[in-house]
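According to UniProt numbering, the sequence shown is numbered sequentially starting from 1.
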Amino acid sequence: PSGLPSEKPTTSFWHIEPSPLLKSHRSTRDLPEKADVVIIGSGMTGASVSHHLLNASGDRISVVLLDAREACWGATGRNGGHCQPILFQSPQDPSIALFERQNFKAIQRLVRERDIDCEFVSQEGVKAIYDDHYLNTVKQSLSILKKTHSELASLMTLVTDRDTLVNLRVPTALAAVVTREAARMWPYKFVANFLEELVTTPQFANRFNLQTWTPVESLTQDHERVSVNTPRSTIIAKKVVLATNGYTSHLLPDFTDLIVPCRGQMSALIPPESLAGDNRLKASYGFEATGTDDYLVQRSNDRGGELMFGGGRAHSNAATMGVFDDSVVDDKTSEYLRRQLVNAFVLPGHTGQNRLLEASHMWTGIMGYSRDDHPWVGPVPGHPNVYMAAGYTGHGMPNSWLCGLVIAECIANTLISGTEDELAFQQACSANGLPTAYQITEERLSRARTL
């Protein structure tokens, strides 16, 4: 199983302007002895569950949000800064792409309504393809999707024309899928906006308690309650939510083979002249081949224009799968990330020693890889009063916000109306279009273990 998050992680670019209000925040000096709901993990998922639960429940539900480190210091604060639904991934089951698209639109709407300064910019997404095997898979997916959901298919264009690929800035690619709906953003600042509101607004502040630097060591099931055990004290909760993604198996060892931690690496690169000013990138990028899954967005010129580039897992000196330590960066991956864009964009003036771009930041983060590639969302069988939304397989941004909403609605319904868990969960799923493939069932647990 996973261990706890490391106490001294690498410094993510996204943490260079931490919220003064959230830094080492503890709403009360001591932990409360009991709470209606304890949420473990304060990234995108934990913030969503907290926000939706407190807004859905009038003043009837108390929430404690715990994090082993600072607020939003895990994957959400360490990722690539993308928010892009991948619409062709599961063509046989369009509900997945529709749900991702719904997430994207929800985040877009919230940024606008709340005027969140998180550098959210809608732009096209370009997935550049570098080998025939991957290209054939994509072609098949797109042709299936045209039959199963023509509207989704119409949002994408497969480009194979050489001149168009040059215009898209990927001259060495075999092909590219251009998606009309994608965005870049600063995820930490999005989450911080909601957590700051919850800790400062009087209507929430007396029911919401945020406790940073409070790792949860174990959970103990106790009839109608769950004991949440931390080094500081134990909280007795009616309901517990695991928003712990890659670290989930630390608290639920039976998920060790279902959600596996995996270390990814990110860089913030100083743009060379050929990618600065008017030459900047107009889209977000993915670079795909067998064994390669790299991703890139560029911040706006007036904010520094950094190239936020991640991936290179195949080039790592060390294993990345099963690793939950984000306190180190891998030198070989660092070199790859600094060199690869020179090759991908065929940048002029980069020869010999100049072949490496300069990095202002290089860091790692832990993803949660799901055994069957889909997130695990819902009440956890065999663990009464424990719920989960985790296992996003490196694709949490277009999934986690609404997964959190589903969990919040389910719990609010059981606590306030006394609705039975399974029924409350099904109602929340159908109200929000949560794909069946994401829902935790006994049957899915045993099926995933045969994969």
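We treat Cβ as the ideally placed atom computed from N, Cα and C, and that holds for glycine.
Computed from a prediction, not measured in an experiment: that's the story for all the values here.
Please check the pair residue i and residue j, which I expect to be a contact at CB under 8 Å, by giving their CB distance rounded to whole angstroms.
| i | j | result |
| --- | --- | --- |
| residue 362 | residue 323 | Wrong, their Cβ atoms sit about 17 Å apart, outside the cutoff. |
| residue 209 | residue 217 | About 19 Å; that fails the 8 Å criterion. |
| residue 263 | residue 364 | 5 Å |
| residue 346 | residue 171 | 6 Å |
| residue 247 | residue 116 | Not quite, the Cβ-Cβ distance comes to about 27 Å (not below 8 Å), so this is no contact. |
| residue 384 | residue 96 | Between residue 96 and residue 384 the Cβ distance is about 29 Å, and since that is not below 8 Å, they are no contact. |
| residue 43 | residue 68 | Contact flag wrong, Cβ pair sits at about 12 Å. |
| residue 239 | residue 36 | 7 Å |
In whole angstroms, what separates the C-alpha of residue i from that of residue j?
| i | j | result |
| --- | --- | --- |
| residue 195 | residue 237 | 21 Å |
| residue 25 | residue 261 | 27 Å |
| residue 56 | residue 333 | 44 Å |
| residue 78 | residue 13 | 8 Å |
| residue 370 | residue 397 | 15 Å |
| residue 102 | residue 257 | 30 Å |
| residue 420 | residue 104 | 31 Å |
| residue 98 | residue 81 | 21 Å |
| residue 311 | residue 335 | 12 Å |
| residue 154 | residue 108 | 21 Å |
| residue 182 | residue 308 | 15 Å |
| residue 50 | residue 63 | 7 Å |
| residue 169 | residue 315 | 24 Å |
| residue 198 | residue 30 | 19 Å |
| residue 220 | residue 141 | 44 Å |
| residue 226 | residue 33 | 12 Å |
| residue 73 | residue 163 | 42 Å |
| residue 409 | residue 166 | 47 Å |
| residue 295 | residue 399 | 17 Å |
Going by beta carbon distance, what residues of the same chain come within less than 7 Å of residue i, once the five residues before and after it are set aside?
| i | result |
| --- | --- |
| residue 282 | 123 |
| residue 28 | 209 |
| residue 406 | 377, 428, 429, 432 and 434 |
| residue 305 | 271, 276, 280, 298 and 299 |
Looking at the structure shown, is residue i part of a helix, part of a strand, or coil, going by DSSP?
| i | result |
| --- | --- |
| residue 397 | coil |
| residue 132 | helix |
| residue 243 | coil |
| residue 73 | coil |
| residue 51 | helix |
| residue 358 | coil |
| residue 16 | coil |
| residue 44 | helix |
| residue 209 | strand |
| residue 420 | coil |
| residue 392 | coil |
| residue 157 | strand |
| residue 82 | strand |
| residue 259 | strand |
| residue 125 | strand |
| residue 97 | helix |
| residue 3 | coil |
| residue 68 | coil |
| residue 138 | helix |
| residue 146 | helix |
Enumerate in chain order the residues of its own chain whose CB-to-CB distance from residue i is below 6 Å, with the five nearest sequence positions on each side excluded.
| i | result |
| --- | --- |
| residue 252 | none |
| residue 388 | 242, 376 and 380 |
| residue 118 | 185, 186, 189 and 190 |
| residue 442 | 381 |
| residue 325 | 6 |
| residue 320 | 262, 263 and 313 |
Tell me which same chain residues have a C-beta within less than 8 Å of the C-beta of residue i, skipping the five on either side of it?
| i | result |
| --- | --- |
| residue 174 | 129, 130, 131, 132, 135 and 160 |
| residue 445 | 258 and 381 |
| residue 94 | 145, 148, 149 and 152 |
Practice item. Mind listing, in chain order, the continuous alpha helix (DSSP H) runs of no fewer than 4 residues lying wholly within the segment 283-369? Key: 331-344
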